[in-house]
Every structure is written in structure tokens, then in C-alpha cells.
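Shown next, in C-alpha cells, is the structure this report addresses.
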Amino acid sequence: MARRIVVVGGSAAGPKAASKIRRLDQEAEITIIQKSAYLNMASCGYPYFVGGVFDDRNQLIATPTGAPRDPSFFSNVKDIKALVNTEVTAIDREKKEVVAKKLKTGEESRVPYDKLVISTGARPFVPNLPGKDLEGISTLQSMEDADYLKKIAAEKKIKNAVVVGGGLIGIETCEALQLAGINMTVVEMLDQVLPFLDWEMAKLVQNHLEEKGVKVMTQSRVTEFVGQGGKLTGVKTASGEVIEADLAVVSIGVRPNSALAVDAGLETGKSGGILVNRFMQTNDPDIYAAGDCTEVMNLMTMRGQHWPMGDAANLQGRVVAQNVVFGNSKEYEGFVGTGICKIFEFEAGATGLSEQAARREGYTNIMTAIHAAPDKPGFMGAKPVIIKMIVDKTTGKFLGMQAVGTGDVSKRVALGAMALHGRMHICDLVTLDLPYAPPFSPATENFIAASHVIENKWRRFMDGISAMEVKKKLDQGERPFLLDVRGEDEYQQMRLGRGETLIPLGKLRTSLDKLPKDKNTEIISYCKISLRGYEAACFLKSRGYTNVKVLEGGLIAWPFGLEK
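Using this note's numbering, the first residue of the sequence shown is number 1004, and each one after it goes up by one.
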């Protein structure tokens, strides 16, 4: 007798599991039950649909060859029964049946299963604030949300909008609406946007947003949605300020949609996500779960965590399928915390632990380094990439990295993720054999070059200092000798403006009289990216200067504003 597989949820993990089950078992009876009218939605593409990168909404549910993944597609191509506009209201674990209700008619039926896969996703968190039901307040979690915001962008009637929340989806939504000509304000409760980055990296992103005309309000909390005649007119913050707005998009995170599992007596974790083992199996051996409704292992902390990412959902769905068909033989070990987003011309990504997160995890002896460089040779149209690496200073264990810039960030973050999955030491990274040709990277790839910088610090070949540390010294009234070793023309275009001394690197050997007489004076050397700053520091140390530091990342990684 053919095994009966029921999949509850039809966004990412569910259809992936169903499709893989079919490839492994041509006889199984497979049913997908989806509450929405749509299947296999590319939800990460919603901001780009809203922003006009593409206008055919079918591309959000289409295969790479353009075929819409609708019930007919699943039936004809995969012999999978897909029920849309149908909600599973209960799981009867004793009878091994689910109760399904057609939303248009209210008709109920019971669908038997031998194995059940729960992939009910996540739901957006909308705080219970005054005015939250006004017209003009939305999230960007569903196809319907995307259609609504796309219509607003196309009509060009709304002048001012607020995005509540400066996380990944919030920033992407901000860009989409700003490209439609809407004046955008981002309100974020934390002191930075993109909380997966450390502050100084996030500030570079914020600077780029502001250069594009976006108003960014950090350390600001929304307390009320203000309206008139049932329609939104403004967003009120804790300071009492009312930001004029005809549209507010709430993007302050999602919660696991696990109520169905809870009602069935399945165990959940601290995040509210369904608890699964490494086989993606719940506490009921005949029920598996995958995707945004689950809590899975963070390999950096070795604790369960809600990780609502589309790529992870697909990987988990594939693991579930193999275990449903062959028994528990395939493990999903967990995630290291990799993410990336586009912000106008900027890219921002991270993997592993940030410096803040590492300290929260109890790493007391952390070393960080920031490296900035072009992503390829200048004659190939180079763009800058700024990388921050984090290691355990005691052991040299690689803990994580972040990268931002207008250059190719994605490749560098991917390399970092692979290094974390491989549990590599910092010294393993400095001689990696990676592909090189001028169209793709410098001869010393950015990720490897960043590894060189932090290894130099770890081995005490270089004393680096971050922009944060320099700013703190200056704010406290300290006056280190700031040595700019760029050329005169570069200095005239852009400079620190903090009382620095300009001595071009080529003139440094003959200009020692311009340096402090006391060779114990703290000297901080730098250039645009601090490659020349490092050369200068090496020379000065050879001349007896004992306290020479290199400003990591140089001027392009300085987040506090420059004189122009």
C-alpha cells in the first residue's frame, strides 16, 4: 500500500519536502494543504517586486523556466495533490488525520496520513498599539501584502511613508518604496539598523541610506499610529514627535506559526518554534516539521533558535523528505547565522557571531579586525568591500565576519560561512586556494586579505585600532598623533579633520623631523584603506617608535563623517 504523506503549509519548506518525496518515492500519495491561495511563494522577492525590479507577479511563484507553481503544476508535473485556500484546523495524532476546512465554503474534511510534515511558516509581529487597524498600515509577509504595496508604488499618490523596524526586510522595503518616489523614514528602537551587524558596520549602511535621502531614526520607539477618518496620517514616537505618513510598513520581526502544533501537543522551544531533532522530527515520530515554524540548532551557540530564512527552509524540507522516505538517515545539523541584503548600491552581509553576540556568548578575550579593499583590480571597475572579522584571541578560532560595501559582498560572506561550517582556525584561512582572475577579485582575495590582517594582529605583527576606539580617545580628550600618509590631492578631496598631520608615504623616510620627538608617543597611521598606513607603521617601528597603531579599514571604514 502506498504511504500517505500530508504536508501542511505550501510556502518554501513544504513544497520542497513534497517534491523531494516524490522524486524518491513515485508511489506515495502526497497532499499539500495551503491556507493561502498561492504555493511556493518567493517571499524574499517581495521587496523587489514592490520596487519594480520586475512586474510580473507570476515570477514570485514560477519555476526557473517560468511555469507557475499552482495546483495544476503540482498535479500534472509531480502527481501531488495541492489544496489551496484550505486551512488545517486540527491534527488528530491518535487517528493520524488532519482536519481541513475550505475557507470559501467552510466545508470540513479529514485527511489521513502515515507521515505528516508541518511547515506552517511564521507570522509577522505587529504590536498592539493605538491605531494599528487604520487603513495604510501593512506588513510585507504575504503575496497580498506585496500586491498592496506594489499598487501604492505604482499609483504614486502617497508622498510620505514610515518603515517601523530597521532589520533586513524593513530596509529592503524602504528601498523599494523610496525608488517609487516616496519620502521614507525608518524608525528603529535599537541604536543601529541591521542588528546582525556590529554598530560601526551598520553605521556605514545607515550613512548610505541617508545619502540616498532616507531619514533614519535610531533609538526611537513607535507608540501610536495617528489617523483621521480611518486612514493613517502619521506615526507617533516615544519622544512625542509625529512623523507625517500615509503609509506605515511594520517590520519588527516574525514569530513561529506553531499554534497548530501546540494544539496537537507537540513540543515547542523558548522561541515558540516547534522543537525538532536533527532529523527534523518532532516528539511524535510520525510528524516532522521544517521551515520558519521550527526552532533549530545554532551551531555557533549550540542552542535552539528560531531562524526564519528561506534558504534554511528549503534545506530542511529536503532533509525531511529523505527521512520520511528512508527513515531517519539524513541530519540537518543547524545553521551558523548567514544573511545578506541589498541597500541601494550597498550590500551588507554577515555570518557567525558578531562581536556583540560573541561577548554575550561569554567570549571574554575577543580580537577583531577591519579590512577595506577594492573587490577587484582598479582596471576592472573595482568597488570597495569592508570586512570585519571576529576571532577568539586565546585560541585563534574563527567566530564570524561581516562585510559591507558597493563591491561583491556575497562571495566574501559565503567564504566565511564555509569556514565556520568547516570549524576553521584563523591560520587555516590565510593560504586558501581560491579562484583568481582580474574580473573576479584581486590577486589576494578580500576574504584572505582580511584574514591576513587579523592574523597579523594575532601574531603581533601589527597593532591595529578600530575607528570606534579612535573616536573614543578623541572624545575623551586624548590627542594621539594622527598620521595621514595619503597624497596631497587625496587629502584635499576628503580628510578626517581631527587635527591630523599629512605626510605622504613616499616622503615619510625624509620627514622624521615632522614626527613627535618622544618615540613613545601614540601614533595612529592611516590612508584611504590603511594599506599604506600599515607600511608607514612598519617603517616607524623600525625607527624606534614604540606605540604605532594602524587605523583599521582607513578612511572608507570611518563611520563618523569626514571633512570634504
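Glycine included, C-beta positions come from ideal geometry on N, C-alpha and C.
Just so it is clear, the structure is predicted and the values come from calculations on it, not from any experiment.
Supposed close pair residue i, residue j - CB separation, criterion 8 Å
i	j	result
residue 1285	residue 1269	5 Å
residue 1355	residue 1423	5 Å
residue 1283	residue 1407	That belief does not hold up - the Cβ atoms of residue 1283 and residue 1407 are roughly 33 Å apart, past 8 Å.
residue 1466	residue 1553	7 Å
residue 1256	residue 1245	With 8 Å as the limit, residue 1256 and residue 1245 do not qualify as a contact, their Cβ atoms being about 24 Å apart.
residue 1294	residue 1324	So it is not a contact: roughly 13 Å between Cβ atoms.
residue 1483	residue 1527	5 Å
residue 1156	residue 1055	7 Å
residue 1201	residue 1222	16 Å between Cβ atoms; not a contact.
residue 1450	residue 1419	7 Å
residue 1346	residue 1174	6 Å
residue 1118	residue 1321	That pair is no contact at about 15 Å.
Under the three-state DSSP convention, the category residue i falls into
i	result
residue 1234	strand
residue 1204	helix
residue 1130	coil
residue 1535	helix
residue 1303	coil
residue 1291	strand
residue 1457	helix
residue 1374	strand
residue 1019	helix
residue 1405	strand
residue 1545	helix
residue 1089	strand
residue 1176	helix
residue 1321	helix
residue 1188	strand
residue 1095	strand
residue 1523	coil
residue 1144	coil
residue 1054	coil
residue 1112	strand
residue 1259	strand
residue 1163	strand
residue 1528	strand
residue 1381	helix
residue 1428	strand
residue 1471	helix
residue 1342	strand
Proximity below 8 Å, CB of residue i to CB of residue j
i	j	result
residue 1373	residue 1555	yes
residue 1358	residue 1393	yes
residue 1507	residue 1488	yes
residue 1191	residue 1220	yes
residue 1015	residue 1266	no
residue 1159	residue 1183	yes
residue 1442	residue 1383	yes
residue 1033	residue 1064	no
residue 1124	residue 1233	no
residue 1027	residue 1328	yes
residue 1264	residue 1279	no
residue 1416	residue 1352	yes
residue 1035	residue 1083	yes
residue 1250	residue 1235	yes
residue 1287	residue 1096	yes
CB contact check: residue i to chain D, cutoff 8 Å
i	result
residue 1228	In the displayed structure, chain D is absent; only one protein chain is listed.
Nearest neighbour of residue i, chosen from the options [CA to CA]
i	options	result
residue 1168	1225, 1564 and 1427	1225
residue 1253	1565, 1339 and 1176	1176
residue 1262	1122, 1188 and 1203	1122
residue 1469	1560, 1405 and 1539	1560
residue 1307	1297, 1454, 1004 and 1490	1297
residue 1185	1453, 1525, 1165 and 1197	1165
residue 950	1532, 1134 and 1418	Any answer about residue 950 is impossible in this case: the structure gives the chain only from 1004 up to 1567.
residue 1413	1147, 1349 and 1231	1349
residue 1115	1005, 1127, 1128 and 1098	1098
residue 1535	1486, 1196, 1499 and 1057	1486
residue 1127	1113, 1144 and 1118	1144
residue 1172	1039, 1096 and 1198	1198
residue 1057	1431, 1529 and 1150	1150
residue 1132	1146, 1109, 1241 and 1050	1241
residue 1491	1388, 1070 and 1530	1530
residue 1037	1050, 1051 and 1021	1021
residue 1656	1075, 1181, 1146 and 1129	Since the displayed the chain opens at 1004 and closes at 1567, residue 1656 lies outside it and no answer follows.
residue 1299	1360, 1271, 1053 and 1161	1271
residue 1550	1130, 1360 and 1464	1464
Any contact between the region 1078 to 1090 and the region 1101 to 1120? By contact I mean 3 or more CB pairs, one from each, below 8 Å. yes
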